[in-house]
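Working notes, structure below.
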Amino acid sequence: MKQKIYEIPIWDAYALENCECPVCSIEKKAEDQFIETLFTEMVMDVNLNPQLTSAFRFCHEHFEKLYKYPDKCGLAILTDRILYLEIEALQQAKKGTAIKKSLKPAFLKKSSSNSTHTEKECLLCNKLSNDMRNYCDTIIKLWQKDSTFKSIFAHSRGFCLKHFNEILINNTASSDFKEKCISLQENNLQRLQEELQWFITKNDYRFVNESWKTSKDALLRTILKLIGNYNTKI
Ligand SMILES: [Zn+2]
Ligand SMILES: [Zn+2]
Numbered sequence: 011m012k013q014k015i016y017e018i019p020i021w022d023a024y025a026l027e028n029c030e031c032p033v034c035s036i037e038k039k040a041e042d043q044f045i046e047t048l049f050t051e052m053v054m055d056v057n058l059n060p061q062l063t064s065a066f067r068f069c070h071e072h073f074e075k076l077y078k079y080p081d082k083c084g085l086a087i088l089t090d091r092i093l094y095l096e097i098e099a100l101q102q103a104k105k106g107t108a109i110k111k112s113l114k115p116a117f118l119k120k121s122s123s124n125s126t127h128t129e130k131e132c133l134l135c136n137k138l139s140n141d142m143r144n145y146c147d148t149i150i151k152l153w154q155k156d157s158t159f160k161s162i163f164a165h166s167r168g169f170c171l172k173h174f175n176e177i178l179i180n181n182t183a184s185s186d187f188k189e190k191c192i193s194l195q196e197n198n199l200q201r202l203q204e205e206l207q208w209f210i211t212k213n214d215y216r217f218v219n220e221s222w223k224t225s226k227d228a229l230l231r232t233i234l235k236l237i238g239n240y241n242t243k244i
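Take 11 as the starting number for the sequence shown in the working numbering and just add one per residue.
Structure (structure tokens):
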């Protein structure tokens with residue numbers, strides 16, 4: 011079956027070896043590409059780009075990633091834009107003008123939490139979570155229509171917990187798909203647990219001469235399974 015362009019990242023991710031979550035691997039690439047585009051194209055068009063003319067912020071993790079990117083002047087332009095919007099919102103609040111919800115300073119928002127900037131307000135987090143929702147849709151569609159993909163999926167390692175939940179709450183997921191997905195996830199969590207337990211055993215001096223089998227990186231893979239490899243610093 012001929013692959014559609016938006017399906018290619020999924021086929022590529024499912025071809026990766028030792029991949030605990032194909033969606034995480036797509037997300038990581040999408041994040042790198044979006045940061046690159048942000049600096050190479052969007053910053054130049056800061057007044058034209060609709061995403062940058064409306065209110066936007068970055069979460070803690072994404073500001074760190076943006077700061078690691080070499081283009082400090084580009085980041086200064088973006089940060090200047092955020093400052094401009096924050097000042098504008100304060101001035102409107104002072105005048106009592108109605109402020110757009112997204113522009114509203116945190117102190118004016120009715121909130122039960124103490125958090126000032128939530129992930130949902132981060133331009134990158136928003137973009138990635140929308141894109142990943144679309145990729146989850148496509149995974150479900152591919153599973154339904156393509157027998158080759160169905161077989162690859164059955165031999166895959168499931169998902170990280172975040173994307174496992176994301177795919178299960180997807181409205182387009184059939185009960186058959188959900189059932190297969192849950193079994194796949196359960197088998198893979200058990201497989202990881204065995205690898206992790208062998209990692210623990212290997213740290214006992216009595217087993218020092220035994221083979222690591224596949225457990226040498228089991229601790230890292232287990233953590234990535236639990237929290238996803240996106241936005242992790244390990
Ligand atoms: Zn994931
Ligand atoms: Zn973010």
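Note that beta-carbon positions come from the ideal geometry of N, C-alpha and C, so glycine has one too. Computed from a predicted structure; not experimentally measured.
Three-way DSSP call (helix, strand, coil) for residue i in this model
i, result
"T126", "Low per-residue confidence applies at T126: pLDDT is 49, beneath 50, and the placement is therefore not dependable enough to give any value."
"L216", "Residue identity check: residue 216 is Arg in the sequence provided, not Leu. In this structure, R216 counts as helix in the three-state DSSP scheme."
"R167", "coil"
"C69", "coil"
"C132", "strand"
"G84", "helix"
"E204", "helix"
"Y79", "coil"
"N26", "Looking at the sequence provided, one finds Leu at residue 26 rather than Asn. It is coil, neither helix nor strand."
"C191", "helix"
"I36", "helix"
"A103", "helix"
"I92", "helix"
"N180", "coil"
"Q13", "coil"
Identity of the residue in the options nearest residue i by Cα
i, options, result
"L48", "L134, E27 and A23", "L134"
"S166", "S64, I149 and R216", "I149"
"E204", "C29, L229 and N219", "L229"
"G168", "Q43, A40, R67 and L202", "L202"
"H72", "M52, K160 and I45", "I45"
"L206", "Y94, D186, S184 and L234", "L234"
"A183", "G84, Y77, F159 and W153", "W153"
"S221", "T232, W208 and R231", "W208"
"C69", "T50, I97 and I92", "I92"
"Y24", "L88, A164, M52 and I179", "A164"
"A40", "T158, S139 and K155", "S139"
"K12", "E51, E96, D156 and N144", "D156"
"I87", "A103, K78, M54 and A99", "M54"
"G238", "M142, M52 and N213", "M142"
Any non-hydrogen atom of ligand 1 within 7 Å of residue i CB
i, result
"F163", "no"
"C34", "yes"
"C29", "no"
"G168", "no"
"K172", "yes"
"G106", "no"
"G84", "no"
Proximity test, residue i beta-carbon vs ligand 2 heavy atom, cut-off 7 Å
i, result
"F71", "According to the sequence as given, residue 71 is Glu; it is not Phe. For ligand 2, at least one heavy atom lies less than 7 Å from the Cβ of E71."
"L134", "yes"
"F68", "yes"
Rounded Cβ spacing between residue i and residue j (contact assumed at less than 8 Å)
i, j, result
"L95", "A65", "5 Å"
(message) Quick test of the definition: if touching needs 3 or more C-beta pairs under 8 Å, does the stretch 156-176 touch the stretch 18-38?
(response) yes
(message) Would the stretch 222-232 count as touching the stretch 188-197 if we require 3 or more Cβ pairs under 8 Å?
(response) no
(request) Count the CB pairs spanning the stretch 15-31 and the stretch 140-155 that are closer than 8 Å, and state whether there are at least three. (result) yes
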